[in-house]
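Worksheet: the structure to be examined is printed underneath.
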Amino acid sequence: MKENDFVRRLKETKMTRWVRFGVVSVIYFAWVAWMQNAWLALVWPLLFDIYITGYIPLTWWKKSPNKGVRQVMSWVDSIVYALVLVYFLFAYVGQNYKIPSSSLEKSLLVGDYLWVNKMVYGPRVPQTPLHFPLAQHTLPILNCKSYIDQPQVEYHRLEGLRDVERNDIVVFNYPCGDTVALRIQNPDYYTIVNTLKHQGVENPRQYIADRPQEFGEVVWRPVDRRENYVKRCIGLPGERIKIVDDVVYINGKAIENADDVQFNYIIEVNGTIPRSMWEEVGVRIDDHGMAPQESVYDGRKFYDVPLTAKAKAIVEKWPQVVAPLRHERDFYDLSGDFTLFPGNDPYGWTRPNMGEIWIPKKGATLKLNAQNYPMYERAIRTYEGNDLEMRDGKIYINGKPTDSYTFKMDYYWMMGDNRDRSADSRYWGFVPEDHIVGTPILVLISIDDQKSLFEGSIRWDRIFRDANPYKNK
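Residues in the sequence shown are numbered consecutively from 940, following the numbering used here.
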């Protein structure tokens, strides 16, 4: 009697493959349970065939008489396997991230390479599942999209260890990164629109669209393919935040700043301060500019530099400093900043002085009126997907007049530690929960791009350092 083909394949499978299949099955079903989606279990028979029965000829190339085919396909097989592994690692466990700007100095430095843990808050199920795992939105060299727009998966976050807490350093997708003018990405598209509107351009969006040679193609990016930002969480869902002379108040009480928070100070000097002295207090060349500026009014020389409280105490004693240090807010007129949240300067706020703002909370209902409409317009329309408009003094949501709205998501208020040189929630408002990526836990390596290798560009003292010591002390 001829042996059944299925039974034969089972018998011919080596014990090592059975062991590998068992380990993969345990991991896979644990992932299915974590995803809380039983339909995913239907993929398990495919794994069974890949490891055990082999009806689908995925390894056909191993039997090819052509040595070149076997060698090439061996490389292809390894690369595809590695990419799939990296895809799941980056999507559900964590990923590396580079600090590109000084907004969190001195907590995190420009050139820090971080490991971002996605499991702390619970990883998001990829909203754009068809993407290349090693590129956020653009493939290098080819300079094309690294993802396919469709399908888009509804936002869902898996169970994490805890919620976002105050003073967490958080990596998130830039909320205003949904629309991008590819040739000018800093400032962002919405800041360009507001600037043009402030300059009297009647239809800024059309103005940008009509000038691709200047602004480039205008594209839309899904939530998880937008730029990654990193800031410190200052305000939590349901809290009221207010800023008075750079002091942050939560629900009416002043909160303590992180240890390395910096503010810009005007430093009047009688000459140039050498680079070596700036390096002693950790001020980058980009921040001190090598030579002092000169006042157009009286010719006095000064530096405009961000300093921590510790660095400020040192700088005040330098022999070149000829006057007490003044905070930037006491030196420049900061009024009329139309780029501040919620845009177009509707409240007359300044960066160091902003009125009370309620941070939306999931399930909480807000009374809407003409006064607070600008604050919550983008959250209701863009982040939560409603048709929102105001006509004749009345607010309409999805075509129905209303005076209230119940939020579907939690929101957060993020700020940089380099307070006067950080584009943060003071400019673009709330960060929705579906934009949260994770929290950095470790500095993998740190490279100072303003020094050569022989000048000590590698910051050895930062390797494997806690990425948020203030939070964890």
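Beta carbons: idealized from backbone N, C-alpha and C, even for Gly.
All values reported here derive from a predicted model rather than from experimental measurement.
For residue i, which residues does DSSP report across the bridge?
i, result
"Q1124", "DSSP output for Q1124 lists no bridge partner at all."
"T1418", "Past the boundaries of the shown model lies residue 1418; the chain is included only from 940 to 1412, so the question cannot be answered."
"Y1168", "F1111"
"P1371", "Y1350"
"D1225", "None, per the DSSP bridge assignment."
"M1329", "I1334"
"R1096", "R1063"
"T1118", "W1159"
"N1357", "Q1201"
"Q1089", "Q1089 is not bridged to any residue."
"K1084", "T1077"
"T1289", "N1292"
"D1363", "DSSP lists no partner for D1363."
"P1340", "Y1335"
"R1105", "In the DSSP output, where bridge partners are listed per residue, R1105 has none listed."
"Q1232", "F1241"
"R1009", "In the DSSP output, where bridge partners are listed per residue, R1009 has none listed."
Which residue marks the beginning of the alpha helix (DSSP H) containing residue i, and which one marks its end?
i, result
"P1379", "Careful: P1379 lies outside any alpha helix (DSSP H), inside the beta strand (DSSP E) at I1375 to S1385."
"P1245", "Element bounds for P1245: not the alpha helix (DSSP H) but the beta strand (DSSP E), K1240 to L1246."
"I966", "M954 to M974"
"W1000", "It is not in any alpha helix (DSSP H) - W1000 carries neither H nor E in the DSSP assignment."
"Q1152", "P1151 to F1154"
"L986", "W983 to F987"
"Y1312", "Y1312 to R1317"
"Q1145", "P1143 to A1148"
Less than 9 angstroms separating the beta-carbons of residue i and residue j?
i, j, result
"R1365", "I1182", "yes"
"S1361", "G1355", "yes"
"I1296", "I1180", "yes"
"Q1091", "Q1066", "yes"
"K1057", "Y1031", "yes"
"Y1351", "T1304", "no"
"I1380", "L1053", "yes"
"Y1060", "P1161", "no"
"Y1188", "D1243", "no"
"D1359", "Q1201", "yes"
"R948", "T998", "no"
"G1221", "A1252", "no"
"K1256", "K1301", "no"
"R1122", "L1043", "no"
"D1349", "P1281", "no"
"P1263", "D1184", "no"
"E1267", "R1096", "no"
"Y1322", "M1329", "no"
"F1277", "H1374", "no"
"V1110", "Y1036", "yes"
"I1080", "M1353", "no"
"I1194", "R1105", "yes"
"D1226", "P1213", "no"
"Y990", "R956", "yes"
"N1407", "S1040", "no"
"E1098", "W973", "yes"
"Y1409", "D1199", "yes"
"V1025", "P1072", "yes"
"N1190", "E1178", "yes"
"V1055", "V1376", "yes"
Along the beta strand (DSSP E) that carries residue i, what are the first and last residues, could you check?
i, result
"W1399", "That residue, W1399, is in no beta strand (DSSP E); it is neither H nor E in DSSP."
"W1297", "M1293 to W1297"
"V946", "From DSSP, V946 is part of no beta strand (DSSP E) but of the alpha helix (DSSP H) over D944 to E951."
"W894", "Any answer about residue 894 is impossible in this case: the structure gives the chain only from 940 up to 1412."
Comparing the C-beta of residue i with each C-beta of chain C, is any distance below 9 angstroms?
i, result
"E1195", "In the structure shown, chain C does not exist; there is a single protein chain."
* Touching or not, the segment 1114-1124 and the segment 1159-1174, by the rule of three or more beta carbon pairs under 8 angstroms? -> yes
* To do: Mind the definition here: the segment 1267-1280 touches the segment 1382-1396 only if three or more C-beta pairs lie below 8 angstroms; say whether that holds.
  => no
* To do: Flag this pair as touching only if the segment 1200-1209 and the segment 1388-1402 have three or more C-beta atom pairs under 8 angstroms; answer yes or no.
  => no
* Quick one: which unbroken beta strand (DSSP E) runs of 3-plus residues sit fully inside the segment 1174-1223? Chain order, please. => As far as the segment 1174-1223 is concerned, its whole beta strand (DSSP E) runs of at least 3 residues are 1179-1183, 1186-1189 and 1202-1208.
* **Whole runs of the alpha helix (DSSP H) within the segment 1012-1074, excluding any shorter than 4 residues** => none
* Cβ contact check for the segment 1310-1319 and the segment 1284-1299: 3 or more pairs under 8 angstroms -> yes
* Which runs of the alpha helix (DSSP H) fall wholly inside the segment 1245-1274 and span at least 4 residues, in chain order? -> 1248-1254
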